[in-house]
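Asks: I am attaching a structure below and will ask some questions about it afterwards.
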Amino acid sequence: MMVRTGEQYKEGIDQLNTAVWVEGNEVKGKISHHPAFQGVVQSQSELYDLQHIERLKEVMTYTTQKSKERIGMSYLIPTSKPDLERRRKMVQVWARHSAGLMGRSPDYMNTVLAAFASSVHLLKDKPNCFPEHLKQFYEYARSHDLSFTHTFVNPQNNRSQLSFLEEGQTNARVVKRIEEGLVVKGAKLLATQGGITDEIIVFSAPGVQDKSHAFAFSIPSDTTGLKFACRPSFVKDASHFNAPLSSRFEEMDTVVIFDDVLVPWERVFFYDNVKVANDFYIKGNFVPFTLHQIVSRQVIKMEFILGLAQMIVDTINISEYQHVQSKVAEIIKGLESSKALLLSSETNASLDDEGVMIPDKIPLYVAVNQFQETYPRFTEIIQLLGASGMVTLMDETQFHSAIGTELDHYLQGFEVKGRERVQIFTLAFDLCMSAFGSRQSLYERFFFGDPIRLSQIIYQSYSTDSYTSFVKEMLEREKS
Ligand SMILES: Cc1cc2nc3c(=O)[nH]c(=O)nc-3n(C[C@H](O)[C@H](O)[C@H](O)COP(=O)(O)OP(=O)(O)OC[C@H]3O[C@@H](n4cnc5c(N)ncnc54)[C@H](O)[C@@H]3O)c2cc1C
1 MMVRTGEQYK EGIDQLNTAV WVEGNEVKGK ISHHPAFQGV VQSQSELYDL
51 QHIERLKEVM TYTTQKSKER IGMSYLIPTS KPDLERRRKM VQVWARHSAG
101 LMGRSPDYMN TVLAAFASSV HLLKDKPNCF PEHLKQFYEY ARSHDLSFTH
151 TFVNPQNNRS QLSFLEEGQT NARVVKRIEE GLVVKGAKLL ATQGGITDEI
201 IVFSAPGVQD KSHAFAFSIP SDTTGLKFAC RPSFVKDASH FNAPLSSRFE
251 EMDTVVIFDD VLVPWERVFF YDNVKVANDF YIKGNFVPFT LHQIVSRQVI
301 KMEFILGLAQ MIVDTINISE YQHVQSKVAE IIKGLESSKA LLLSSETNAS
351 LDDEGVMIPD KIPLYVAVNQ FQETYPRFTE IIQLLGASGM VTLMDETQFH
401 SAIGTELDHY LQGFEVKGRE RVQIFTLAFD LCMSAFGSRQ SLYERFFFGD
451 PIRLSQIIYQ SYSTDSYTSF VKEMLEREKS
């Protein structure tokens, strides 16, 4: 098997005996049938099916020199600028299907794995490192089109700078190194889509300081001792009219518990090596590759938000007002900036010593850091434009009831009937005000790290030397 169908993905996760805990109960039976997961699993399976549509074959899949069978494009390690364009187009086909609302569509983690596999040289000849395991695992994953969740960050119990003194208490750590592999105990903060993927990739948190916390591995989701504890589900209603987004795209977040989990050696990429753990983030391709995937998705999400904002404007006919135009223009500016930054990262990409084409990460960092601030503002704009329309909503059954005709009349918008108007505003509500919508804002703010520390990284990695020289030159000129 090379490129999976949606049905094969569903069968794969249903066959696993993954320990997923929701509202006090362990999920029994097929997880794809559980109300908290069935919508997102269906959407994810539709994404896999897109890889099989003939007209999308060249966009969504590729062949390697070794194999004539097609492989998912999300696994492609780029070696040229056209490869980066191919990757962007693939991400955007998948993002369009979920309006960019599935942050963890399979391309996200497949990109991460491709980034890791293209950074294996950083593990070569280093103590407790197994570059060949990582390479073999990448090849195995792409040839089986596996799905992944991941967890990096440690539980949020003490974020003081001295918290490393207490690392041992909760954080997942290696407690034994035995003949069969590593034994891991403790917890990790979050795994979005935990429980509905074949595997989980586990990495030490950035900035790790203790060797028992410095590791990287991947294990099947149903490994003995591994548990996914879910937050409450944000699926309010399975109806696509009443909950158009949360019924389809609610990606569960889970706390991951390792109860003496055995990680077999062949799945260990490195362990007990603090320097490698930190270098792998900083010097490897994780950041540029992942940011390129993220910005490609966020562009599509902004296109969706812009389309929705304009539909609200048209539905209640408010386009003549200057502040309305200026609010919609804010979204246009965000969209155009991210598109330009994405293209700039590709134009200024460069080959590394291993022959891998690395997108320029600064424009991508800027785009993501800006989106952390603008996304909540965009949802605010939708509320400011929609006003009471955001709450004059009706369940679909109301339109089929005895008062349906009256509602269709009294809730009408400009040139649209009540039902259609309510459908548009229900979509806006689900995007901006439902529990699902609020989580989207939190997600865009934090999923790639704290915005404060991200802007610090931009500051620290941006060379301002030529600009200070520019100013000095000007001062020199004043003197003469
Ligand atoms: C919806 C969602 C989904 C996620 N999914 C995943 C996932 O699938 N896998 C995964 O591994 N992670 C995931 N994450 C975790 C994400 O990577 C973290 O939220 C992010 O790195 C921030 O860490 P934190 O939440 O622990 O915040 P904290 O680090 O606890 O920050 C809390 C507050 O303290 C401040 N603060 C803390 N430390 C410092 C410091 N050193 N300097 C300055 N200010 C500081 C922050 O600015 C912030 O205001 C997800 C997060 C969210 C919200």
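When the letters of the sequence shown are read in order and numbered with the UniProt record's numbering, they come out as residues 1 to 480. For glycine and all other residues, C-beta sits at the position ideal for the given N, C-alpha and C. Because the structure is a prediction, the values reported are computed rather than measured.
Is ARG297 a contact residue of ligand 1, with contact defined as CB to any heavy atom under 7 Å?
Replies: Answer for ARG297: no, Cβ out of range of ligand 1.
Asks: Measuring alpha carbon to alpha carbon, tell me which residue in LEU384, ALA19, GLU7 is nearest VAL261.
Replies: The option with the nearest alpha carbon to VAL261 is ALA19.
Asks: Across which residues does DSSP place LEU341 in a beta bridge pair?
Replies: BP columns for LEU341 are empty, so no partner.
Asks: If you drop the 5 nearest sequence neighbours on each side, which residues of the same chain put their C-beta closer than 8 Å to that of ARG267?
Replies: Only HIS133, PHE137, GLY181, PHE217, SER218, ILE219 meet the Cβ criterion.
Asks: For HIS400, does the three-state DSSP call read helix, strand or coil?
Replies: The answer is coil: DSSP assigns HIS400 none of H, G, I, E or B.
Asks: Looking at VAL274: is its Cβ nearer than 8 Å to the Cβ of LYS188?
Replies: No, they are not a contact pair.
Asks: Kindly indicate the opening and closing residues of the alpha helix (DSSP H) around GLU139.
Replies: Note, GLU139: alpha helix (DSSP H), 131-144.
Asks: Any contact between the stretch 402-419 and the stretch 312-327? By contact I mean 3 or more CB pairs, one from each, below 8 Å.
Replies: In short, these stretches touch, since the Cβ pair count reaches three.
Asks: For ALA309, report the span of its alpha helix (DSSP H) as first-last.
Replies: Element bounds for ALA309: 286-315.
Asks: Would you mind reading off the limits of the alpha helix (DSSP H) that contains LEU384?
Replies: Run containing LEU384: 361-386, per the alpha helix (DSSP H) assignment.
Asks: Write down every uninterrupted run of the beta strand (DSSP E) in the stretch 211-253 whose length is 3 residues or greater and which is fully enclosed by it, in chain order.
Replies: Taking only runs of at least 3 residues, the beta strand (DSSP E) segments lying wholly in the stretch 211-253 are 215-220, 226-230.
Asks: Any chance the stretch 449-458 sits against the stretch 364-376, with 3 or more Cβ pairs inside 8 Å?
Replies: Touching, yes.
Asks: Hey, out of PHE447, VAL328, PHE258, whose CA is closest to THR379's CA?
Replies: Among PHE447, VAL328, PHE258, the Cα nearest to that of THR379 is on VAL328.
Asks: Taking 7 Å as the cut-off, does the CB of ILE452 come closer than this to any heavy atom belonging to ligand 1?
Replies: Indeed, a heavy atom of ligand 1 lies less than 7 Å from the Cβ.
Asks: Please confirm whether MET60 and LEU50 have their CB atoms less than 8 Å apart.
Replies: For MET60 and LEU50, yes; Cβs fall inside 8 Å.
Asks: What first and last residue would you give for the alpha helix (DSSP H) that runs through LYS176?
Replies: Here LYS176 belongs to no alpha helix (DSSP H); instead the beta strand (DSSP E) covers 173-178.
Asks: Quick check: the Cα distance between residue 483 and GLN370, rounded to an integer number of angstroms?
Replies: Look at the range of the chain in this structure, 1 to 480, and you will see that residue 483 is not part of it.
Asks: In whole angstroms, what separates the C-alpha of LEU165 from that of THR192?
Replies: Any reading at LEU165 must be qualified, since the residue scores a pLDDT of 49, below 50, and its modelled position is unreliable; no value is offered.
Asks: Report the option in ILE403, ARG419, LEU475, PHE280 whose CA atom is closest to the CA atom of residue 482.
Replies: No statement about residue 482 is possible, as the shown extent of the chain runs from 1 to 480 and does not include it.
Asks: When the distance is taken between beta carbons, is GLY389 closer than 8 Å to PHE436?
Replies: The answer is no: Cβ separation not under 8 Å.
Asks: Between GLY24 and ARG231, what straight-line distance do the alpha-carbon atoms span, to the nearest angstrom?
Replies: So the two alpha carbons sit approximately 10 Å from each other.
Asks: For ligand 1, is there any heavy atom lying closer than 7 Å to the beta carbon of PHE137?
Replies: PHE137 Cβ: outside cutoff for every heavy atom of ligand 1.
Asks: So the candidates are ARG159, ILE178, ARG177, GLU179; which of them puts its Cα closest to the Cα of HIS170?
Replies: At residue 170 the sequence reads Thr, which differs from the His that was named. When only C-alpha atoms are compared, the closest one is ARG159.
Asks: Can you pull the DSSP bridge partners for residue 491?
Replies: The requested residue 491 does not occur in the structure, where the chain is confined to residues 1 to 480.
Asks: Please confirm whether LYS10 and VAL41 have their CB atoms less than 8 Å apart.
Replies: Their beta carbons are under 8 Å apart, which means LYS10 touches VAL41 by this criterion.
Asks: Just tell me which of LEU306, ILE358, HIS323 has its CA closest to the CA of GLU336.
Replies: Comparing Cα positions, the closest option is LEU306.
Asks: Using the three-state DSSP reduction, which class does THR61 fall into: helix, strand or coil?
Replies: THR61: strand per DSSP, three-state reduction.
Asks: Which value, in whole angstroms, describes the spacing of the CA atoms of ASP352 and SER326?
Replies: ASP352 and SER326: Cα-Cα distance of roughly 43 Å.
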